[in-house]
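K.L.:
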Amino acid sequence: MTHWKTILQNSACTPAALAQHFTIDCNALEQVIATYPMRINSYYLNLIHSIGDPLWKQAVPDLAELCDSVCMHDPLGEEKLSPVPNLVHKYPDRVLFLVASECAMYCRFCTRKRKVGTKRMLITEETIQAGIQYIRENKEIREVLISGGDPLLLSDKRLDSILSRLRAIKTIEVIRIGSRVPCTLPMRINKELVTMLQKHHPLYINTHFNHPRELTVEAEKACTLLANAGIPLGCQTVLLKGVNDNYKTLQTLFTGLLRLRVKPYYLFQTDLTRGTNHFRTHTSSGIAIMRRLIGSISGMAVPTYALDAPGGKGKIPLTPQYINERGDSLRFNNYLGKPCTYPENGDPA
-13 MTHWKTILQN
-3 SACTPAALAQ
7 HFTIDCNALE
17 QVIATYPMRI
27 NSYYLNLIHS
37 IGDPLWKQAV
47 PDLAELCDSV
57 CMHDPLGEEK
67 LSPVPNLVHK
77 YPDRVLFLVA
87 SECAMYCRFC
97 TRKRKVGTKR
107 MLITEETIQA
117 GIQYIRENKE
127 IREVLISGGD
137 PLLLSDKRLD
147 SILSRLRAIK
157 TIEVIRIGSR
167 VPCTLPMRIN
177 KELVTMLQKH
187 HPLYINTHFN
197 HPRELTVEAE
207 KACTLLANAG
217 IPLGCQTVLL
227 KGVNDNYKTL
237 QTLFTGLLRL
247 RVKPYYLFQT
257 DLTRGTNHFR
267 THTSSGIAIM
277 RRLIGSISGM
287 AVPTYALDAP
297 GGKGKIPLTP
307 QYINERGDSL
317 RFNNYLGKPC
327 TYPENGDPA
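Structure below.
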């Protein structure tokens, strides 16, 4: 098997490189990547069947990225919530800690596309040490989510050093890693990496699959290695127009993830990130999909449909409405739309 570093080195990062595989408008592509970089590693590139297919749309720059006057550069207000560089403290008991500036593929819908893969995202030993010091000094923090960029692109030694320093902080109970590597570069998940990760339990990994065609043999092998090491896996899928905004696609994806021992965790409404407006669906589309999913597939395979509120105001669940009336009895419809009644007991809270 080709080494993951070689696959990464063989990425298409320029119009000329992509033009070796597909007939494209190199001038248009050049305009986009001057602002938002492109990286499509050879593994993911080989999964793309044709121009405009669901995987193409996730990976290949589009001129629509430069025609977005609706969205914001920093939709989640991360910069204003950063007491030290590359650390976001939005919720009282947990922080988001950015430790890597690159990804195995630069997704066109990325929340941090304003800086990931560019010089605008500066991560050094000094910024990492400052983040660890902040976490150490703030005793209310019990959980750290490591993200970036993709932390699993760091060397085993580098990542082990960061995890060890965090694990040495007595107030830290849980560490999570956010990574799309199991999807976009699954051969990075090898026995050496997994053996190192096992040292830092309780450790969770939230990964990111958006389409059933990403559930490859290689992805299954990667997820199996992680799950067999006792690392719980969750998936944060993004609802993307023209990629997965229909019931059948998501039904197949979520049940397939469960087979790989990956729990569908969130289905996110697309963030208001500048350059991604062409991916956004109406929230009613997501709610309609969720209504069809609930009851028709295992509850284990049903994620929470959520919107990360602009300005750093946090995640808000968006759920279908089933309740019709409250009183002495709760009147509601079940997942098939049939009316149901449940007698209440005691006074309302």
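FYI, the numbering for the sequence shown is -13 to 335, going by our numbering.
We put the CB at the ideal spot given by N, CA and C, even for glycine.
Assuming contact is defined by CB atoms lying nearer than 8 Å, are I280 and V288 in contact in what I supplied?
P.N.:
Start at 1 with the first residue of the sequence shown, and residue 280 comes out as number 294. Start at 1 with the first residue of the sequence shown, and residue 288 comes out as number 302. For I280 and V288, yes; Cβs fall inside 8 Å.
K.L.:
What's the C-alpha gap between L15 and A5?
P.N.:
Here residue 15 refers to the residue found at position 29 of the sequence shown. Here residue 5 refers to the residue found at position 19 of the sequence shown. One C-alpha to the other measures close to 10 Å.
K.L.:
Please name the residue in I127, V180, D257 whose C-alpha comes closest to that of T157.
P.N.:
On the sequence shown, position 171 is the one that residue 157 refers to. Closest option to T157, Cα to Cα, is I127.
K.L.:
Our contact map puts I(-7) next to L171 with C-beta atoms below 8 Å; I'd like the distance itself, whole angstroms only.
P.N.:
Taking the sequence shown and counting its residues from 1, one reaches residue -7 at position 7. Taking the sequence shown and counting its residues from 1, one reaches residue 171 at position 185. Indeed they touch by this definition, with Cβ atoms about 7 Å apart.
K.L.:
Given this structure, state the Cα-to-Cα distance separating M286 from L244, to the nearest angstrom.
P.N.:
Along the sequence shown, read from residue 1 onward, the residue named residue 286 stands at position 300. Along the sequence shown, read from residue 1 onward, the residue named residue 244 stands at position 258. Taking the straight line from one Cα to the other gives about 8 Å.
K.L.:
Are Y251 and G216 close, meaning C-beta to C-beta below 8 Å?
P.N.:
Start at 1 with the first residue of the sequence shown, and residue 251 comes out as number 265. Start at 1 with the first residue of the sequence shown, and residue 216 comes out as number 230. No. Outside cutoff.
K.L.:
Could you give the C-beta distance for R94 and A45, rounded to a whole number, given that I count them as a contact under 8 Å?
P.N.:
Reading the sequence shown from its first residue, position 108 is the one you call residue 94. Reading the sequence shown from its first residue, position 59 is the one you call residue 45. Right, their Cβ atoms sit about 7 Å apart.
K.L.:
Is the CB-CB distance between E88 and D48 below 8 Å?
P.N.:
Here residue 88 corresponds to residue number 102 of the sequence shown, with the count starting at 1. Here residue 48 corresponds to residue number 62 of the sequence shown, with the count starting at 1. Contact flag unset, no.
K.L.:
In the structure shown, what three-state DSSP assignment does F83 receive?
P.N.:
Position 97 of the sequence shown, counting from 1, holds the residue named residue 83. The answer is strand: DSSP assigns F83 an E or B state.
K.L.:
Mind checking which residues open and close the alpha helix (DSSP H) that includes D48?
P.N.:
Translated into the one-based positions of the sequence shown, residue 48 becomes position 62. Per DSSP, D48 belongs to no alpha helix (DSSP H) and is neither H nor E.
K.L.:
Quick one: grab the DSSP three-state call for D146.
P.N.:
Along the sequence shown, one-based indexing puts residue 146 at 160. Residue state, collapsed to three classes: helix.
K.L.:
Looking only at C-alpha atoms, which of N230, K177, D257 sits nearest to K301?
P.N.:
The residue labelled residue 301 in the question sits at position 315 within the sequence shown. K301 has its Cα closest to that of D257, out of N230, K177, D257.
K.L.:
Taking only three categories from DSSP, how would you classify R278?
P.N.:
As a working mapping, residue 278 is identified with position 292 in the sequence shown. The answer is helix: DSSP assigns R278 an H, G or I state.
K.L.:
For A295, name the three-state secondary structure that DSSP assigns.
P.N.:
Here residue 295 is taken as the residue at index 309 of the sequence shown, counted from 1. Three-state result, A295: strand.
K.L.:
Since S150 contacts I191 with CB under 8 Å, what's their CB separation in whole angstroms?
P.N.:
In the sequence shown, counting from the first residue as 1, residue 150 sits at position 164. In the sequence shown, counting from the first residue as 1, residue 191 sits at position 205. Contact between S150 and I191 is ruled out by a C-beta separation of about 17 Å, above the 8 Å threshold.
K.L.:
Quick check on the burial criterion: 16 or more other C-beta atoms within 10 angstroms. Buried or exposed for L82?
P.N.:
In the sequence shown, counting from the first residue as 1, residue 82 sits at position 96. Burial call: buried.
K.L.:
Give the DSSP-derived three-state secondary structure of P222 in the structure shown.
P.N.:
Start at 1 with the first residue of the sequence shown, and residue 222 comes out as number 236. The question names Pro, yet the displayed sequence has Gln at residue 222. Strand.
K.L.:
Since F254 sits in a beta bridge, which residues does DSSP pair it with?
P.N.:
As a first step, residue 254 is located in the sequence shown; it is residue number 268 there, counting from the start. Per DSSP, V224, A292.
K.L.:
From this set, R106, V85, N320, C(-1), which residue's C-alpha is nearest D60's C-alpha?
P.N.:
Position 74 of the sequence shown holds residue 60. Among R106, V85, N320, C(-1), the Cα nearest to that of D60 belongs to R106.
K.L.:
Measuring CB atoms only, is the segment 180 to 189 touching the segment 26 to 41, in the sense that at least three cross pairs come out at less than 8 Å?
P.N.:
no
K.L.:
Around the C-beta of P325, are 16 or more other C-beta atoms found within 10 angstroms, so that it is buried, or is it exposed?
P.N.:
Start at 1 with the first residue of the sequence shown, and residue 325 comes out as number 339. By the 10 Å Cβ count, P325 comes out exposed.
K.L.:
Hey, how far is the Cα of T259 from the Cα of A50?
P.N.:
In the sequence shown, the residue the question calls residue 259 occupies position 273. In the sequence shown, the residue the question calls residue 50 occupies position 64. Between T259 and A50, the C-alpha separation is close to 13 Å.
K.L.:
Return yes when at least one heavy atom of the ligand NAD lies under 7 Å from the C-beta of M24, else no.
P.N.:
The ligand NAD is not part of this structure, which contains no ligands at all.
K.L.:
With F8 as the anchor, note down where its beta strand (DSSP E) starts and where it stops.
P.N.:
The sequence position of residue 8 within the sequence shown is 22, counting from 1. From DSSP, F8 is part of no beta strand (DSSP E); its letter is neither H nor E.
K.L.:
Once DSSP output is grouped into helix, strand and coil, what is the label at L108?
P.N.:
Working through the sequence shown from its first residue, we reach residue 108 at position 122. In the structure shown, L108 sits in coil (DSSP, three-state: anything other than H, G, I, E or B).
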